[in-house]
Amino acid sequence: MIETPILEMNDISMEFPGVKALSEVNFQVRAGEIHAICGENGAGKSTLMKVLSGVHPHGSYSGQITYKGGACNFRTIRDSEARGIVIIHQELALIPFLSVAENIFLGNERANHGIIDWGQANKQAAQLLERVGLTENPRTNIVDIGVGKQQLVEIAKALAKRVELLILDEPTAALNDDDSEHLLNILRQLRDEGVTCIIISHKLGEIIKIADSITVIRDGKVIETLNVEKDQVNEERLIKGMVGREMNNRFPEHQPKVGEEIFRIENWTVHHPIDVQRVMVDQVNLDIRAGEIVGLAGLMGSGRTELAMSVFGRTYGADISGNVYLKGVQISTQTVEQAVHNGLAYASEDRKRYGLNLIQSVKENMTAAALGKLAKYGVIETNAETKAANQLKDELTVKTPTVESPVGKLSGGNQQKVSLAKWVYTDPEVLILDEPTRGIDVGAKYEIYQIINNLANQGKAVLVISSELPELIGICDRIYALSEGRITGVVDRADATQEYLMNLMTQETKKAS
Amino acid sequence: MASFKDSIGGSLRQYGIMVALILVVAFFAVFTQGMLLNPDNVATLILQNAYVLILAIGMVMVIVAGHIDLSVGSLVAFIGGVLGWAIINWNWPWPLAILLALVIGVLVGAWHGFWVAYVRIPAFIVTLAGMLVFRGLALMIAGITIAGFDQGFIQISSGKLPQTFFIAHLDGLTLIIGVIGVAGLIWSQFRSRAAQLKHGIAAEPIGLMIGKLVVISVAIMAVTVRLAEPRGFVPYLLVLIGVLIFTYSFVLNRTVFGRHIYAIGGNLNAAILSGINTARTNFMIFVHMGLLSAIAAIVMTSRAGAATASVGQNYELDAIAACFIGGTAVTGGVGRISGAMVGALIMGVLNMGLSIGKVDPALQQTIKGLVLLGAVVLDLLSKRRAQVA
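The listed protein sequences derive, respectively, from chains A and B.
Quick note, the first sequence lines up with residues 1477 to 1989 if you use the numbering used here.
Quick note, the second sequence lines up with residues 15 to 403 if you use the numbering used here.
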């Protein structure tokens, strides 16, 4: 396999004011391979790909890029796309109320003299959809298809631009395992058709499964490029490269001191807010004891977030029935105010949309859910507030210049800590943490796990919702599995294996009737 | 070093609008050969722009929460009409009529707030409807101008603080108010700085803070001295506006209600999931806007000496412009009353300076439009630069 690489990036350096984002990166991709890039958040993966695709224009970085033997001086994305390099960003760039076909040919319309030929557009769109394994009608609106399919539409859109080098930034971050598997298969198929792929991903298992080569980046430098076939690549090896140390213990020690039952949900049933006939959560029973960390394992669409949000102030769903008990006493959680008052806390899986006010300060975010504690006759005691925020900052090891800094300027892991701090400050009995480590790097994950342990040690009941099974097995004392809105099993930590849980999570509970 | 730069950058952004006001004043002082700064002009400036200042206070809250209120101009006309009916046609004593006006303002605010907060109709639509409804009602009740108010009512806008004693040729009371204001400002700045240091929060460099305080203090004292001159005066209105600015700044910065306004405007979903009663907060915002509209109506009716249905045209736009010039974010979540007040004064100085300079009214409109656009462009550019840095 001695061939000239299709892409060579040599001595790429780039500086943002005060930060060296990339330093003398050398990166090569062979034609027709799937090349994965992994590294912690902020390591420079996305920056490198933005340099390649022209998002960061030529001149803003130093070094040379050679693609198919020719130099690349891209000033915009259009320049790179003209050469067959297409990047698909983590946040999908699809327009929700336009059809699949319209999205596929967005900016690249099938038109004669500015007049769109809809027959051609829909026909070609259908062909492209077939290549990515979709049978959707091209006239369907984007909002009406799932995230997994939307990701495939993005790929079809790239194919419409005659892509030769496809760059995917965290393509499976928002997908469940089935959809991820499907997406990876499509990538393999594209590789066989001659499309070269670069994929950025946090999911190491997935990378090892699909990639031919893996480049590890840390602190803006390439640590190593591995050949998956030749080198013995496993997750530990990659993690070591990413964090620069052996992570023998990805999860902190936790000695559970489980006490009395604190929280119980009985016969909880929730219907879809618009399609009210559809049952999203079906007769769920669940309990958590003091000091216990309970996991809720479920694929996307299994009803896990729907369950949590419907309990927390009915912020999701319609026609909700069932009972919630706190320490054996039935409580009302009709509104968020009531839920918080009754000792519940819910940290959303999407901290930027549902968790934080990014333009407000760390302090203001931390106290947002319990301002009443700091106020007399509606007037906030500013000194007490600053003091409280500083305490939380130390307690949860939030790295921020001061508590007055806007939350939007912090890293993902620190933002997550602020989001947790907000709920710690309400001093709840029950914490529901929805995907508490989504999109944050390995080091920060460990700190989040420690925070969760501390909360449990204080005697709180913690429910962790996650799609990462190793994480659930690593930190939880007991794990519920949820499938199609029903609890399909509960296992103690000692008996939990990924395979067993996955079986429960994919169990079909309902017959198609 | 970075933090030093940050704090200067932050201050420049925050005080850039102040600098803009000073530049505008300086320009027109030269352009009108000093006439702009005549003592009576300084007082008139405040009287003329009282309505913008009062309405902009409420509009900041509305816009920060992510709404808009297009109805305030019509509401000023309608409540003016009510005042006319109560005082002239029903022969009510004017204090009672004022009370009625305030109650109606609150009720109308509650009406708008109900639709926005509880039925969740966009405020643009609710207040657009309100703009038509209340202009119509104003035409019905004050289609024919109602005039002949008694002196007590007129005094609200034209009354001035008595001149009690003199220091040299300057009015003593005015000077004392000015000095107290400056002292209060300096005291509060040093206090908050001390609190910041105590909690280990990087305060701005002391030199920068003192420099800022000197500039602001000199500006306040310059205005004070102008007003204290024999031809100058302190209108009651200035005192009223001062109290309103102080009160509502406190509400926005220090109360739970104020904090909730910023939370709703910054990220509505996060606010809901934090247990904030967003509906009640939105409702109360419009109630306050209604109340402030009523105050503006009282002031303007008193100043005009008559109730006319055509009064208050474009007031909503003036108030909105003042907010945006003063740095309130179009997308919500960001904005200060002090900024909006400076924005209103910039527009006011422009108005007065162009009028004194006998610039064609058509051209005046055009210039004001360009200033609005320019101010927002500058604001956005500086923010973008700050983001890159």
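The beta-carbon is built from N, C-alpha and C at its ideal position, and this holds for glycine as well.
Inter-stretch contact (C-beta, 8 Å, three-pair minimum) for the stretch 332-350 of chain B and the stretch 384-392 of chain B: yes
Per-residue burial, residue 228/B [other beta carbons within 10 Å of its own, 16 or more giving buried]: Classification of residue 228/B: exposed, given that the 10 Å Cβ count is below 16.
Suppose the cutoff is 8 Å on Cβ atoms and the five residues either side in sequence are ignored; what does the same chain contact list for residue 402/B look like? Residue placement at residue 402/B is poorly supported in this model, since its pLDDT is 46, which falls under 50; the coordinates still yield a value, given next. Cβ neighbours of residue 402/B beyond the five flanking positions: none.
Is residue 1498/A buried or exposed, if buried means 16 or more other CB atoms sit within 10 Å of its CB? buried
Residue 1508/A versus residue 1484/A: straight-line alpha-carbon distance, rounded: 14 Å
Listed in chain order, which residues of the stretch 278-291 of chain B have Cβ atoms closer than 8 Å to some Cβ of chain A? 280, 281, 283, 284, 285, 286, 287, 288, 289, 290 and 291
Contacts of residue 209/B in chain A (Cβ-Cβ under 9 Å): Chain A residues near residue 209/B: 1858, 1859 and 1862.
Do residue 71/B and residue 250/B have their beta-carbon atoms positioned less than 8 Å apart in this structure? no
Taking the straight line between their C-alpha atoms, what separation do you get for residue 1729/A and residue 1749/A? Approximately 41 Å between the Cα atoms of the pair.
Compare the C-beta of residue 159/B with all C-beta atoms of chain A and state if any pair is closer than 8 Å. no
Do residue 275/B and residue 290/B have their C-beta atoms closer together than 8 Å? no
Does DSSP put residue 271/B in a helix, a strand or coil? helix
May I ask you to list the residues that DSSP assigns as paired with residue 1805/A? 1802/A
Tell me, please, whether the CB atom of residue 1987/A is closer than 8 Å to any CB atom in chain B? Low local confidence applies: a pLDDT of 38 at residue 1987/A is under 50, so the model's placement there is unreliable, and no value is given.
Any beta-carbon of chain A closer than 8 Å to the one on residue 180/B? No, its Cβ sits nowhere closer than 8 Å to a Cβ of chain A.
Apart from the five residues just before and just after residue 161/B, which ones in its own chain have a Cβ nearer than 7 Å to its Cβ? Taken in chain order, the residues that qualify are 319 and 320.
Beta-carbon separation of residue 1607/A and residue 1632/A under 8 Å? yes
Just how far apart, CA to CA, sit residue 134/B and residue 118/B? Distance between the alpha carbons of residue 134/B and residue 118/B: 23 Å.
With burial defined as no fewer than 16 other Cβ atoms inside 10 Å of the residue's Cβ, what is the status of residue 73/B: buried or exposed? buried
Under 8 Å: do the stretch 40-59 of chain B and the stretch 366-374 of chain B share three or more Cβ pairs, one atom per stretch? Yes, the stretch 40-59 of chain B touches the stretch 366-374 of chain B.
So what does DSSP say about residue 1498/A, is it helix, strand or coil? strand
Within chain A, the residues that residue 271/B reaches when beta carbons sit closer than 8 Å: Simply 1854.
In the DSSP assignment, find the unbroken alpha helix (DSSP H) run with residue 212/B in it and report its ends. 186-212
Contact set for residue 315/B: own chain, Cβ-Cβ below 6 Å, skip 5 residues either direction: 94, 97 and 321
Cβ-Cβ separation, residue 1551/A to residue 1565/A (assumed contact under 8 Å), whole Å: Incorrect: roughly 19 Å between the Cβ atoms, too far for contact.
For the stretch 346-367 of chain B, which residues have a CB atom closer than 7 Å to at least one CB atom of chain A, in sequence order? Cβ contacts with chain A come from 347 and 348.
Given that a residue counts as buried once 16 or more other Cβ atoms are within 10 Å of its Cβ, and exposed if not, what is residue 1990/A? As displayed, chain A neither begins before 1477 nor continues past 1989, which places residue 1990/A out of reach and without an answer.
In the DSSP assignment, find the unbroken alpha helix (DSSP H) run with residue 1823/A in it and report its ends. Residue 1823/A -> not in any alpha helix (DSSP H); beta strand (DSSP E) instead, spanning 1820-1823.
Contact list for residue 276/B against chain A, beta-carbon separation under 9 Å: 1833, 1835, 1836 and 1840
Residue 1614/A: which of 1588/A, 1641/A, 1579/A and 1584/A sits nearest, CA to CA? 1579/A
With 16 as the cutoff for other CB atoms within 10 Å, does residue 1793/A come out buried or exposed? buried
Distance, Cα to Cα, residue 1727/A vs residue 1813/A? Cα to Cα, the separation comes out at about 34 Å.
Do the CB positions of residue 1677/A and residue 1646/A come within less than 8 Å of each other? yes
Got a sec, what are the start and stop residues for the alpha helix (DSSP H) residue 1633/A sits in? Residue 1633/A -> alpha helix (DSSP H) spans 1623-1636.
Whose CA, out of 1837/A, 1797/A and 1972/A, lies closest to the CA of residue 1898/A? 1837/A
What would DSSP say about residue 1852/A, mapped onto helix, strand or coil? strand
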